[in-house]
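Worksheet for the structure shown next.
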Amino acid sequence: FIALGHFVLSAATAQWYFAPVENGVKKLDGPVGTGFRWAFRYHLGTLAFGSFLVAVFETIRIIVEYLSRKAEKASDNKAVRAVTCILRCCACCMEKCVKYCTSQAYIFVAIFGHPLCTAAGKFFSFASANPARIAAVHGLGGVILFLGKLFIVGAATASSYAIMLNVEPWRAEIQTIYFPLLLVAVLSYFISTVFMQVYSSTMDTIIMCFIADEQMAKAGGGK
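In terms of our numbering, the sequence shown has 89 at position 96, counting the first letter as 1, and numbering is strictly consecutive.
Written as structure tokens, this is what we have:
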């Protein structure tokens, strides 16, 4: 389901980017529905394979974590603790790398229709040819995501505080506002994380579409 969400979002964004313009308006015909249709008709095996790879590395990380904890309980040796710490870090890094690479590969599956391995190779080719652009987008995106989450949590908490102090029946019935405010802050953080993740995936897809469009234009003799 996570892979399907990544693909459909990337497919919808790619359709928007490459859509023909008529009278100053992009001509789109249900990009989200089209993304689902592409996923189930052409790329379900690709998404399942990517999910399988992620599951494998998640399982490896869990097993390494379990064995590391057992080894640390069985021995107080500092060398053992250092080795288990290194193994846990390596397993966690591999898991995160696979998750990142598959999520980026789904973008190229959506744009070009390639299978997963070919799409992953395409991503590495684009990333190695345009490291500064991709790093800048991710850096700027990280700042925007943080500010967006901060604004959403702050606005939700502040508005809830004002409502509980000034609006009936909450003003009369609520004895303490700290627990409700904490609950609002936690819920708004999770909701903002979901929405800003959509923004992040869309931003990644747009920069890849732009680079692909630029390279195809150059290959066709354009500037």
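Beta carbons are placed, not taken as given, at the ideal position from N, Cα and C, and that holds for glycine.
query: Under 8 Å, do H(-1) and S194 count as touching if we go by C-beta distance?; result: yes
query: Would M196 and V91 qualify as a contact pair, given that the criterion is a beta-carbon distance under 8 Å?; result: no
query: Please check the pair V57 and A84, which I expect to be a contact at CB under 8 Å, by giving their CB distance rounded to whole angstroms.; result: 4 Å
query: Just to confirm before moving on: does the CB-CB distance between Y93 and S3 stay below 8 Å?; result: no
query: Who are the near neighbours of T201 in its chain, counting only those whose CB is closer than 6 Å to its CB and skipping five residues on each side?; result: Looking at the sequence shown, residue 201 is not Thr but Met. The residues are I100.
query: Opposite E88 in the DSSP bridges: which residues?; result: None; E88 has no bridge partner.
query: Flag this pair as touching only if the region 176 to 196 and the region 134 to 148 have three or more C-beta atom pairs under 8 Å; answer yes or no.; result: yes
query: Is the beta carbon of A32 sitting closer than 8 Å to the one on L(-3)?; result: yes
query: In three-state DSSP terms, what is E15?; result: strand
query: Answer with buried or exposed for V146, where buried requires no fewer than 16 other C-beta atoms within 10 angstroms of its C-beta.; result: buried
query: Taking the alpha-carbon positions, what's the S153 to V177 distance?; result: 8 Å
query: Rank K19, A103, M157, V25 by C-alpha distance to the C-alpha of T39 and give the top, closest one.; result: A103
query: Where in the region 159 to 203 do unbroken runs of the alpha helix (DSSP H), each at least 4 residues long, occur, reported from the N-terminal end onward?; result: 163 to 166
query: Between which residues of its own chain and G134 is the CB-CB distance below 7 Å, once the five residues before and five after are set aside?; result: S193, M196
query: What span of residues does the alpha helix (DSSP H) with L109 cover, start to end?; result: 109 to 122
query: Mapping DSSP to helix, strand and coil, what is F220?; result: Nothing can be reported for residue 220, as the shown portion of the chain is limited to -6 through 216.
query: My output table needs one value for L21: the three-state DSSP class, helix, strand or coil.; result: coil
query: With distances taken from CA atoms, which of T52, S61, F119 is nearest E207?; result: F119
query: Distance, Cα to Cα, E15 vs R81?; result: 54 Å
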